[in-house]
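Q: From first to last, the protein sequence lines stand for chains F and A. In terms of this note's numbering, the numbers along the first sequence are unbroken and rise by one, the last being 783. In terms of this note's numbering, the numbers along the second sequence are unbroken and rise by one, the last being 294.
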Amino acid sequence: MGLEGIGARVVRKEDKRFLTGKGRYTDDMTVPGMKYAFFVRSAHAHARIVSIDTSAAKDMPGIIDILGGKELQADGIGNLICGWMIHSKDGSPMKMGAWRPLAHETVRYVGDAIAIVVADSLAEARDAAEAVVVEYDVLPAVTQASRALEAGQPQIHPEASNNLIFDWQLGDADSTDAAVARAAHVTEMKIVNNRLSPNPMEPRATLGIYDEAEDHYTCYTTSQNPHVARLVMSAFYNVAPENKLRVIAPDVGGGFGSKIYIYPEEIVCLWASKKTGVPVKWTSDRTEAFLTDAHGRDHETTVKMAFDADHRIIGLKVDTIANIGAYMSLFSSATPTYLYATLLSGQYDIPAIHANVRAVYTNTAPVDAYRGAGRPEATYVMERTMETAARELGIAPAELRRKNFIRSFPHQTPVIMNYDAGDFEASLNAALAASDYAGFPARKAEAATRGMKRGIGMSCYIEACGIAPSAAVGSLGAGVGLWESAEVRVNAVGTIEVLTGSHSHGQGHETTFAQLIADRFGVSMDSVNIVHGDTDKVQMGMGTYGSRSGAVGMSAIVKALDKVEAKAKKIAAHLMEADESDIVIENGELKVAGTDKTLPWFQVALAAYTAHNLPSGMEPGLKETAFYDPSNFTFPAGCYICEVEVDPETGKTQIVQFVAADDFGNIINPMIVEGQVHGGIAQGIGQALLEAVHYDPANGQLITASYMDYAMPRADDLPSFQVSHQTTPCPSNPLGIKGCGEAGAIGSPPALINAITDAIGNNELNMPATPQKVWLAANAAH
Amino acid sequence: MYATNYHRASSVQDALALKSSTDETKYLSGGMTLIATMKQRLAAPSDLVDLRHVADMKGITVSGRSVHLGAGTTHYDVSASAALKSVCPAICHLASHIGDPHVRHMGTIGGSVANNDPAADYPAALLALDAVIVTDRRQISAAEFFTGLFETALEEDEIVTAVTFEAPEKAGYSKFANPASRYAMTGVFVAKGAGGVRVAVTGAGADGVFRHAGLEQALSANWSPEAVAGVTVDSSNLMADIHASAEYRANLVKVMAKRAVAAA
Ligand SMILES: Cc1cc2nc3c(=O)[nH]c(=O)nc-3n(C[C@H](O)[C@H](O)[C@H](O)COP(=O)(O)OP(=O)(O)OC[C@H]3O[C@@H](n4cnc5c(N)ncnc54)[C@H](O)[C@@H]3O)c2cc1C
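#1: In chain F, which residues lie with their C-beta within 9 Å of the C-beta of residue 123 of chain A?
#2: Using a Cβ cut-off of 8 Å (strictly closer), state whether residue 283 of chain F contacts chain A.
#3: Got a list of residues with beta-carbon closer than 5 Å to any non-hydrogen atom of ligand 1, in chain order?
#4: If distances are taken between C-alpha atoms only, which option among F:465, F:281, F:218 and F:542 comes closest to residue 380 of chain F?
#5: Could you confirm whether any beta carbon from chain A is found closer than 8 Å to the beta carbon of residue 709 of chain F?
#6: Considering only the alpha carbon of each residue, which of F:723, F:62 and F:97 lies closest to residue 160 of chain F?
#7: Could one say the Cβ of residue 145 of chain F lies closer than 8 Å to chain A's Cβ atoms, at least one of them?
#8: Below 8 Å, how does it come out for the stretch 538 to 550 of chain F and the stretch 34 to 47 of chain F: are there three or more Cβ pairs, yes or no?
#9: Tell me whether the stretch 726 to 736 of chain F and the stretch 423 to 441 of chain F touch, counting them as touching only if at least three CB pairs, one residue from each stretch, are closer than 8 Å.
#10: From residue 720 of chain F to residue 268 of chain F, what distance separates their C-alpha atoms?
#11: Can you name the residues of chain C whose CB is closer than 7 Å to the CB of residue 712 of chain F?
#12: In the DSSP assignment, find the beta strand (DSSP E) that holds residue 755 of chain F and state where it starts and stops.
#13: Quick check: what's the CA-CA separation for residue 133 of chain A versus residue 207 of chain A?
#14: Residue 196 of chain A lies in the alpha helix (DSSP H); which residues open and close that run?
#15: Opposite residue 48 of chain F in the DSSP bridges: which residues?
#16: How close, in whole Å, do the beta carbons of residue 325 of chain F and residue 362 of chain F come, if the pair is a contact with beta carbons under 8 Å?
#17: Do we get a CB-CB distance below 8 Å when we pair residue 65 of chain A with the residues of chain F?
#18: With a cut-off of 8 Å on the beta carbons, I'd call residue 19 of chain A and residue 239 of chain A a contact; round off their distance for me.
#19: Using a Cβ-Cβ cut-off of 8 Å, state whether residue 78 of chain F counts as contacting chain A.
#20: Any Cβ of chain A within less than 8 Å of the Cβ of residue 695 of chain F?
#21: Is residue 225 of chain F close to chain A, meaning its C-beta is less than 8 Å from at least one C-beta of that chain?
#22: So residue 272 of chain A contacts chain F; which residues on that side make the cut at Cβ distance below 7 Å?
#23: Chain F partners of residue 206 of chain A, CB-CB under 9 Å?
#24: Can you tell me whether residue 413 of chain F is buried or exposed, with buried defined as 16 or more other CB within 10 angstroms of its CB?
#25: In chain A, what lies closer than 9 Å to residue 691 of chain F by C-beta?
#26: Can you tell me which residues form a DSSP beta bridge with residue 419 of chain F?
#27: When the Cα of residue 376 of chain F is compared with those of F:449, F:658 and F:299, which residue comes out closest?
#28: Cα-Cα, which of F:275, F:152 and F:63 is closest to residue 72 of chain F?
#29: Return helix, strand or coil for residue 122 of chain A, following the three-state DSSP convention.
#30: Mark residue 594 of chain F as exposed unless 16 or more other C-beta atoms lie within 10 angstroms of its C-beta, in which case mark it buried.
#31: Taking 8 Å as the threshold (beta carbon to beta carbon), is residue 776 of chain F in contact with chain A?
#32: Can you grab the Cα-Cα spacing for the pair residue 291 of chain F / residue 330 of chain F, in whole Å?
#33: Could you pull the DSSP bridge partners for residue 159 of chain A from this structure?
#34: Tell whether a beta-carbon distance below 8 Å holds between residue 680 of chain F and residue 743 of chain F.
#35: Is residue 710 of chain F buried or exposed, if buried means 16 or more other CB atoms sit within 10 Å of its CB?
#36: Apply the 10 Å Cβ neighbour rule to residue 692 of chain F and answer buried if 16 or more other Cβ atoms are within range, or exposed otherwise.
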């Protein structure tokens, strides 16, 4: 691996600029003549707009213009869409209501955008926004999905009667019902997966620039996938054709999924720039982020896990109600369906599975993929049920899992997925050993002497990453393909630029992708630049989410590197008068194997560009492009074990130990992978212990609109994590990579809740396990 | 934030004069509450009179067991004062758990008591210590000073200049922090002194900080953590929000009282 190659713990190249405050984020961008936008937003969760009066506001100082939805519609700007078609079990397509970038007829959640104010300064824009008079006819609101399905509840979109968007199923109902009926034991649980706010450190922002002379738009935006943004904005929202729209996502400070989607603000700022003739910048404040960033999770589930007398799972029946919010965000339909129910086999050999999912509109912010996207929800259902079943059956949680593990690969589950590789027992054993599981009873007894209730819980997760084969997702309803592109440009002096369609917003592409090149050609990482995030530089790409940058993005680079290497070898063979098949690349040199003939890398590059002496018929230059479409999802898996102490007097939980044993396939940079695991676990612990979005059920107002009420995990909430890796290389991509970006957030919540329920002796506990909830559950247990 | 005019007061008299010469004026101390509220446009003073440079309002003096805390003393200075620690370590401990280091180096005791947030820590200490709040024109006992949620006995232009109290024989503070804000979800300050036992509760009362008679009686009879066990805490006058019900807060009052006595 060398000091910089695959497997080396190389310090992140990008951190110098991030840690010294030299990052360049969207809000750092300024262009001549730029003005500031503030959005007028709905104060009500559900209302008809009677009138919008901007006359007084328009006369205020510094105001350039105030624009609303009617003008936007008149200019032909389209509604926002969901890009993944789901069909209900009766065959009917999902019932999608209109999401106008600026509402002028009806508002459907607190924060719904109504008008844009453009002014010389942000303060003036804000002042004028407060002076815009919106007259509402307030309607009743509903925030909880199961409630929204009931008769007599407010109707949010005319298209979706009873607010039901789709009633979808996966798997075989008959065989699953039969298994439940004949089971020796059925563990049944009601499980809630709490709604979360994504909270990236950098809030969303956008700068729309219209150049009248060129009839061309530039959009700086906080995006995880600028090319998809450009595609959707031109193909569906009619902002501009692709060749007249450049989208740049510069440094982006975290996304966690929430920056995949196209929101109203970037569309409106581009349009407003043309209308007003000035560049328009908008930056979300933290309250706007709580109100309008796509939320995550929010499932209500009933699960039945059926066992035979030998403790083998013979059937799994799951019924889930998923809250979609007021509008269908870009991938909102895929998250609770194909990213969720397809993982309900977990690590287990289950002959019959049936999942039913109803997606429901409510008067809340749109819900979409958030770190893990569907797989945390599936894992939480599986692993809480598994642990509860072990307690009910009176057998050790590890043994119940071991008994049901899938042990031969490939393994076809009843819910689409074909697991290609894994060794679940290896991770389980590693976690059991690292946590000294056997020593737990003694630790519990010691804690009891201090009046503390100690508990231990585990979670064996599997997830699907790298999404995915384009043909497969296409057949399931995706509106896009999920390949990735790469371009490797070797300069005349041998330095290398790699253009990738994936996007880094904290993942460390500039380091790991450069390590790949260093490893391949033996050149220094310093001579490699990674270029991403600009549609004028990178031709096309699908962006970063679903832990796909390594498995898909780097695989595309490998394909391009293969082509570069082949051409470089041809040139070297020609120059050294050797056979092409004898050329090897080592330490930055091309050598003729078994001889002392060698050419430094830069000379081969130079030869390609001087083109004075190339093999006959060869084109000059050394630059190759590749598109890579994976043949399967990848399947990271692992085992997490958490140990807690609960203070029975207050219900406060302290995490005393957290062990993670993950199989991510091959690893490029273990330090970065560990960082991803640490961050993921912190987020999972946040969900399990602290975080929850609360709406007032009476009127749909967001109660958790600031950090005074929305509890984020802090350093002192977290233990020091013990992380290890077991490796079964992924057979489906050239690097054997599975992906590591989401596992921590997927595997950790059930491990933590299982530990708390073990400590208090009550399996009924919903996330977040706040002190009050744990205290109540502990008292109810006696 | 709306535009505002800034004035720096050099003395208490100067501050009063500046305040009377402009309308919609507010005093500014650490700004840890006021500036945040202004940034959210929930407060819109036309003028700010900064009290942080009034020398008379700063500093900690301990003579015998008499304690004088200038209103402009930061939470950090209270937490770190050796003189104060030697007579009343409980208040140093309390100050060391307010907010984070930034807040502790900016926020002041005067600003905190004038603001009287129902979840703030100092009100519990001042009420249990039977402290006196000194202003530019009078002295007000803590019992009379804290009148309700964000309400005090201060007149519109009155300035808190100091807080004084007699250090008790024993005192302890135990705080259960709100998981999100880390203000007190329930905090109990217990003090045993010449005037008997006083127990004050913050973060829990529907009308703000309050004394608990049942706990005071039990602890007067038997100053020990165990004495709390038999006390009933009525939840009917307690706050309820998304973080904690009134019943849960009633439980926390007892548990925090017990731990405060143990720490005293
Ligand atoms: C992140 C964060 C966490 C916090 N956590 C806690 C916590 O755990 N516990 C806690 O108790 N507090 C907490 N606080 C509040 C903190 O203690 C504040 O400092 C305090 O409430 C106000 O003090 P200040 O000096 O900053 O006053 P300012 O914000 O300057 O003023 C507050 C109010 O008091 C008025 N005022 C200020 N000084 C005087 C005076 N001398 N006379 C008359 N009126 C005056 C002002 O006009 C204003 O209305 C927290 C604050 C933050 C930002």
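Beta carbons: idealized from backbone N, C-alpha and C, even for Gly.
A: So, to answer that:
#1: Taking the first residue of the second sequence as position 1, residue 123 of chain A is located at position 93. Those do not exist, as residue 123 of chain A stays about 17 Å from chain F at its closest Cβ, beyond 9 Å.
#2: For this step, residue 283 of chain F is matched to residue 282 along the first sequence. False, the Cβ-Cβ gap to chain A never drops below 8 Å.
#3: A:56, A:57, A:58, A:59, A:60, A:61, A:62, A:63, A:64, A:101, A:128, A:129, A:133, A:137, A:138, A:140, A:141, A:142, A:144, A:145, A:150, A:151, A:189, A:190 and A:213
#4: Taking the first residue of the first sequence as position 1, residue 380 of chain F is located at position 379. Residue F:465 is the option with its Cα nearest to residue 380 of chain F.
#5: On the first sequence, residue 709 of chain F is found 708 positions in, with the first residue counted as 1. Taking Cβ atoms only, chain A reaches closer than 8 Å to residue 709 of chain F, which makes this a yes.
#6: Within the first sequence, numbered from 1, the residue matching residue 160 of chain F stands at position 159. Of F:723, F:62 and F:97, the residue nearest in Cα terms is F:97.
#7: To locate residue 145 of chain F, count along the first sequence from 1; it is residue 144. So, not an interface residue.
#8: no
#9: yes
#10: Within the first sequence, numbered from 1, the residue matching residue 720 of chain F stands at position 719. Within the first sequence, numbered from 1, the residue matching residue 268 of chain F stands at position 267. Their backbone Cα atoms lie some 43 Å apart in a straight line.
#11: Looking for chain C here will not work: the only protein chains present are F and A.
#12: Locating residue 755 of chain F in the first sequence gives position 754, counting from the first residue. Taken as a continuous stretch (DSSP letters only), residue 755 of chain F belongs to no beta strand (DSSP E), being part of the alpha helix (DSSP H) at 744 to 761.
#13: In the second sequence, the residue the question calls residue 133 of chain A occupies position 103. In the second sequence, the residue the question calls residue 207 of chain A occupies position 177. The alpha-carbon atoms of residue 133 of chain A and residue 207 of chain A are separated by roughly 16 Å.
#14: Residue 196 of chain A sits at position 166 when you count from the first residue of the second sequence. Residue 196 of chain A -> not in any alpha helix (DSSP H); beta strand (DSSP E) instead, spanning 190 to 196.
#15: What you label residue 48 of chain F is simply residue 47 of the first sequence in a count that begins at 1. The partner list for residue 48 of chain F (beta bridge, DSSP) reads F:108 and F:139.
#16: Position 324 of the first sequence, counted from the start, is the residue given in the question as residue 325 of chain F. Position 361 of the first sequence, counted from the start, is the residue given in the question as residue 362 of chain F. About 6 Å separates the two Cβ atoms, so the contact holds.
#17: Indexing the second sequence from 1 puts residue 65 of chain A at position 35. No, no contact with chain F.
#18: Outside the modelled stretch of chain A, which goes from 31 to 294, sits residue 19 of chain A, for which no answer is possible.
#19: As a working mapping, residue 78 of chain F is identified with position 77 in the first sequence. False, the Cβ-Cβ gap to chain A never drops below 8 Å.
#20: Here residue 695 of chain F is taken as the residue at index 694 of the first sequence, counted from 1. Closer than 8 Å: yes.
#21: Counted from its first residue, the first sequence places residue 225 of chain F at position 224. No, residue 225 of chain F lies away from the interface with chain A (no Cβ there is under 8 Å from its Cβ).
#22: Stepping through the second sequence from its first residue, residue 272 of chain A is reached at position 242. Neighbours of residue 272 of chain A on chain F, chain order: 695, 704 and 710.
#23: For the purposes of this step, residue 206 of chain A is taken as residue 176 along the second sequence, with counting starting at 1. Correct list: 651, 653 and 772.
#24: Taking the first residue of the first sequence as position 1, residue 413 of chain F is located at position 412. Under this definition residue 413 of chain F is an exposed residue.
#25: Here residue 691 of chain F is taken as the residue at index 690 of the first sequence, counted from 1. Within 9 Å Cβ-Cβ: 209 and 210.
#26: As a position in the first sequence, residue 419 of chain F is number 418, starting the count at 1. BP columns for residue 419 of chain F point to F:413.
#27: For the purposes of this step, residue 376 of chain F is taken as residue 375 along the first sequence, with counting starting at 1. It is F:299 whose Cα lies nearest to the Cα of residue 376 of chain F.
#28: To locate residue 72 of chain F, count along the first sequence from 1; it is residue 71. Comparing Cα-Cα distances from residue 72 of chain F to each of F:275, F:152 and F:63, the minimum goes to F:275.
#29: By 1-based counting over the second sequence, the position of residue 122 of chain A is 92. DSSP places residue 122 of chain A in helix when its eight states are reduced to three.
#30: Here residue 594 of chain F refers to the residue found at position 593 of the first sequence. Exposed, since its Cβ has fewer than 16 Cβ neighbours within 10 Å.
#31: Working through the first sequence from its first residue, we reach residue 776 of chain F at position 775. Cβ-Cβ to chain A under 8 Å: yes for residue 776 of chain F.
#32: Counted from its first residue, the first sequence places residue 291 of chain F at position 290. Counted from its first residue, the first sequence places residue 330 of chain F at position 329. Those two C-alpha atoms are separated by around 16 Å.
#33: In the second sequence, counting from the first residue as 1, residue 159 of chain A sits at position 129. Residue 159 of chain A pairs with nothing; no bridge assigned.
#34: Residue 680 of chain F sits at position 679 when you count from the first residue of the first sequence. Residue 743 of chain F sits at position 742 when you count from the first residue of the first sequence. No, the Cβ-Cβ distance between residue 680 of chain F and residue 743 of chain F is not below 8 Å.
#35: Indexing the first sequence from 1 puts residue 710 of chain F at position 709. When all chains shown are included, residue 710 of chain F counts as buried.
#36: Taking the first sequence and counting its residues from 1, the one referred to as residue 692 of chain F is at position 691. Classification of residue 692 of chain F: buried, given that the 10 Å Cβ count is 16 or more.
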